[in-house]
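Colleague: Top to bottom, those sequences are chains L and Y. Counting from 63, one number per residue, gives the positions in the first sequence under this note's numbering. Counting from 63, one number per residue, gives the positions in the second sequence under this note's numbering. Idealized CB from N, CA, C, for every residue including glycine.
There are 2 protein chains.
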Amino acid sequence: MQLSNRASAVDDVVRQIRGLIRERGLGVGDVLPSEVELAAMFDSSRNTVREAFRTLKAYGVAESRQKVGAVLTDQHQNAMRDLFSFAMEISVDAFRDIQGYRRLTEMNLFDLLADLLTDQALTEMEAVNAAILTSEDAERASELDFEFHRLLVEAAGNRTLSETYGMLKPVIQRLMLAGKSQRLTLETVVAEHGDILEALRCRDRIAFVYHMDRHLGAGLEFIVE
Amino acid sequence: MQLSNRASAVDDVVRQIRGLIRERGLGVGDVLPSEVELAAMFDSSRNTVREAFRTLKAYGVAESRQKVGAVLTDQHQNAMRDLFSFAMEISVDAFRDIQGYRRLTEMNLFDLLADLLTDQALTEMEAVNAAILTSEDAERASELDFEFHRLLVEAAGNRTLSETYGMLKPVIQRLMLAGKSQRLTLETVVAEHGDILEALRCRDRIAFVYHMDRHLGAGLEFIVE
DNA sequence: CCTCCCTAAAATGTTGGACAATTAATCGCA
DNA sequence: TGCGATTAATTGTCCAACATTTTAGGGAGG
């Protein structure tokens, strides 16, 4: 797509559409010109424009509705999920890799959190954590588990980090689900989360790193076989 | 793409192609049947199959070569990179945000690097760093600058992190380019890189964090206006 | 017998046109 | 005013034709 001295007409159109979006300052919810208009603007055919649209749809940038046209969307997470489901064989290595990434990021959130974390966010996380105990199945539990960590990351206030974490959601959650089915009780997870929250309340950096390290490490143990 | 009670013909074909790949156990390098064959197999038209291929290409799963046909590839990194560059509009906020993300990750690489870093990797980074001084224009300089940091991240040996960094490439590099046009000389950048390398050679954690912090902070200064 | 060039064929790349399907908007009627 | 039918705009799908690229093979010349 990006190589080759002469780009294909479709890729050209993709680029021109992106230019159009930037130029006109279009955002989520705005509609693009119709396929025939774009074909005329870019001096290509409607089929070519359609193929270009397919690329945008695959990236979760646009979706098309009949009669209305193509509207810009913000479905990158879904796109990333699909990409992952296409791409990655969720292997043992991938699990370990993801967990390593989480160690790198989540364990170092403290400095950001110390400034930005509000009491409200803390209580919200406590609520989510408590709900884990009452969840009916492992599926639901891992969803709440992810939500807990997502809130933590969100509270750090860095959009790039949040988006990255959101993209990894399907993988991380699957990792969590695998953990839930093997570890004996949810109580352990909830207690570890509780320790993390306690450390945050006290603004205790050492304790935060310690508990986060143990928590993330625990998620890795059962994979080793 | 994934919603709607009745899926579109194109999405149907995408699903069927995926099924075909799984069923036949096709892997990277294998070629898919030709467009007309697939159209016949799935009882649809060639254009529909082509649009389906566009989706696969966007996901980095396949690329097509004339006369040969569509071959399965493993270009997910590029796909993720493109997706990300689509997703993020480059704004001042985004700049600051990305730099914050880099602080979070790159400053905390030390523990991983301390174990895995080889002399060979270090000398390679030194070479790239030296090349920055002799680059003919700012474009090339920021490319090398990015390459320096990419090597650093790569050396940490975490695939998820590497992929994430790769995804952010267009944004980071643009940030670097903006910096190059404003800061007086490239010497400063190269010197800062040199300090980082020196700290790594000595396995001096404090020095590494210190110099990395200064380096990343410097990149942010000129944006503040 | 080997090498090089030329040609042909097979596949994708692009275009134009036609019709179906969907749905927002409009018009007309009560 | 409100509601239902009609209309029109736009995407969805398919077909057919031609252009382009590239592999493969064959033929001429050494």
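What runs of the alpha helix (DSSP H), each 4 residues or longer, lie entirely inside the stretch 94 to 130 of chain L?
Modeller: The qualifying runs are 97 to 103 and 108 to 120.
Colleague: Using a Cβ cut-off of 8 Å (strictly closer), state whether I152 of chain L contacts chain Y.
Modeller: Low confidence applies to I152 of chain L: its pLDDT is 36, below 50, so where it sits in the model is not reliable, and the reading given next is rough at best. No, no contact with chain Y.
Colleague: If you follow the alpha helix (DSSP H) that M229 of chain Y is part of, which residue opens it and which one closes it?
Modeller: Note, M229 of chain Y: alpha helix (DSSP H), R221 to M229.
Colleague: Counting beta carbon pairs with one atom in the stretch 180 to 198 of chain Y and one in the stretch 118 to 131 of chain L, are three or more of them shorter than 8 Å?
Modeller: The stretch 118 to 131 of chain L, when compared against the stretch 180 to 198 of chain Y, does not touch it at the 8 Å Cβ threshold.
Colleague: For L134 of chain L, name the three-state secondary structure that DSSP assigns.
Modeller: Looking at L134 of chain L - three-state DSSP - the assignment turns out to be strand.
Colleague: Please check the pair F270 of chain L and F172 of chain L, which I expect to be a contact at CB under 8 Å, by giving their CB distance rounded to whole angstroms.
Modeller: Going by Cβ atoms, the distance from F270 of chain L to F172 of chain L rounds to 5 Å, so yes, they are a contact pair.
Colleague: Out of L:V215, L:R86, L:V76 and L:S106, which one is the CA nearest neighbour of R164 of chain L?
Modeller: Comparing Cα positions, the closest option is L:V215.
Colleague: What's the gap between the Cα of Y121 of chain L and the Cα of L259 of chain L?
Modeller: Y121 of chain L and L259 of chain L: Cα-Cα distance of roughly 36 Å.
Colleague: So what does DSSP say about E198 of chain L, is it helix, strand or coil?
Modeller: In this structure, E198 of chain L counts as coil in the three-state DSSP scheme.
Colleague: With a threshold of 8 Å between beta carbons, is D144 of chain L in contact with chain Y?
Modeller: It does: the Cβ of D144 of chain L has a partner Cβ on chain Y nearer than 8 Å.
Colleague: How long is the line joining the alpha carbons of V233 of chain L and F210 of chain L, rounded to whole angstroms?
Modeller: One C-alpha to the other measures close to 16 Å.
Colleague: What do you reckon, are the CB atoms on D159 of chain L and T222 of chain Y nearer than 8 Å?
Modeller: Yes.
Colleague: Would D266 of chain Y pass as an interface residue toward chain L - the criterion being a Cβ-Cβ separation below 8 Å?
Modeller: For D266 of chain Y, the answer is no, since every Cβ of chain L falls outside 8 Å of its Cβ.
Colleague: State the start and end residues of the unbroken alpha helix (DSSP H) segment that holds D73 of chain L.
Modeller: A71 to R86 is the span of the alpha helix (DSSP H), which, as asked, contains D73 of chain L.
Colleague: Whose Cβ in chain L lies nearer than 9 Å to the Cβ of G131 of chain Y?
Modeller: Those do not exist, as G131 of chain Y stays about 16 Å from chain L at its closest Cβ, beyond 9 Å.
Colleague: Is it true that the stretch 106 to 122 of chain L meets the stretch 68 to 79 of chain L, where meeting means three or more beta-carbon pairs spaced less than 8 Å apart?
Modeller: Result yes; three or more Cβ-Cβ pairs closer than 8 Å.
Colleague: Which whole-angstrom value describes the C-beta separation of L248 of chain Y and A203 of chain Y, a residue pair presumed to lie in contact below a C-beta threshold of 8 Å?
Modeller: Confirmed, Cβ separation roughly 6 Å.
Colleague: Can you give me the C-alpha to C-alpha distance between L100 of chain L and G81 of chain Y, rounded to a whole angstrom?
Modeller: Each residue's alpha carbon lies about 34 Å from the other.
Colleague: Taking C-beta to C-beta, are M274 of chain Y and M169 of chain Y nearer than 8 Å?
Modeller: Taking 8 Å as the Cβ cut-off, M274 of chain Y and M169 of chain Y qualify as a contacting pair.
Colleague: If I measure Cβ to Cβ from E151 of chain Y and keep anything under 8 Å in the same chain, skipping five residues before and after, which residues do I get?
Modeller: Note that E151 of chain Y scores a pLDDT of 48, beneath 50, so its modelled location is shaky and nothing firm can be said.
Colleague: Closer than 7 Å, Cβ to Cβ, to anything on chain Y: give me those residues from the stretch 108 to 138 of chain L, in chain order.
Modeller: Result list: N109, R112, E113, R116, T117, K119, A120, Y121, V123 and H138.
Colleague: Is it buried or exposed for G91 of chain Y, if we count other Cβ within 10 angstroms and need 16 for buried?
Modeller: Result: exposed.
Colleague: Please list the residues of the stretch 213 to 227 of chain Y that have a C-beta atom closer than 9 Å to any C-beta atom in chain L, keeping them in chain order.
Modeller: For the stretch 213 to 227 of chain Y, which is checked against every Cβ of chain L, the residues closer than 9 Å are A218, G219, N220, R221, T222, L223 and T226.
Colleague: Please report the distance separating the alpha-carbon of I178 of chain L from that of S107 of chain Y.
Modeller: Reading the sequence as shown, one finds Leu at residue 178 of chain L and not Ile. Rounded to the nearest angstrom, the two C-alpha atoms are 55 Å apart.
Colleague: Please state whether DSSP places L167 of chain Y in a helix, a strand or coil.
Modeller: This sequence places Thr at residue 167 of chain Y; Leu is not what is there. T167 of chain Y: helix per DSSP, three-state reduction.
Colleague: Does the Cβ of T180 of chain Y have 16 or more other Cβ atoms within 10 Å, making it buried, or fewer, making it exposed?
Modeller: By the 10 Å Cβ count, T180 of chain Y comes out exposed.
Colleague: Can you tell me whether S153 of chain L is helix, strand or coil according to DSSP?
Modeller: Here the model assigns S153 of chain L a pLDDT of 45, short of 50, so the residue's position is not dependable, and the following value carries that caveat. Correct three-state label for S153 of chain L: coil.
Colleague: With a threshold of 7 Å on Cβ separation, who are the neighbours of S197 of chain Y within its own chain once the five nearest residues in sequence on each side are excluded?
Modeller: Closer than 7 Å at Cβ, skipping near neighbours: A203 and L206.
Colleague: Where does A218 of chain Y fall in DSSP's three states?
Modeller: Correct three-state label for A218 of chain Y: coil.
Colleague: Please list, in chain order, the chain Y residues whose beta carbon lies closer than 7 Å to that of N170 of chain L.
Modeller: Within chain Y, the residues near N170 of chain L are L166 and N170.
Colleague: Return the residue from the list Y:V251, Y:A124, Y:S224 and Y:K231 that minimises the CA-CA distance to S96 of chain Y.
Modeller: Of Y:V251, Y:A124, Y:S224 and Y:K231, the residue nearest in Cα terms is Y:A124.
Colleague: So with Cβ pairs under 8 Å, would you call I160 of chain L a contact of chain Y?
Modeller: Yes, its Cβ sits closer than 8 Å to a Cβ of chain Y.
Colleague: Hey, would you say T117 of chain L sits closer than 8 Å to R116 of chain Y, going by beta carbons?
Modeller: The answer is yes: Cβ separation under 8 Å.
Colleague: To the nearest angstrom, how far is it from the Cα of L175 of chain L to the Cα of A218 of chain Y?
Modeller: Answer to the nearest angstrom: the Cα atoms are 25 Å apart.
Colleague: If distances are taken between C-alpha atoms only, which option among Y:H255, Y:D266 and Y:R263 comes closest to R276 of chain Y?
Modeller: Comparing Cα-Cα distances from R276 of chain Y to each of Y:H255, Y:D266 and Y:R263, the minimum goes to Y:H255.
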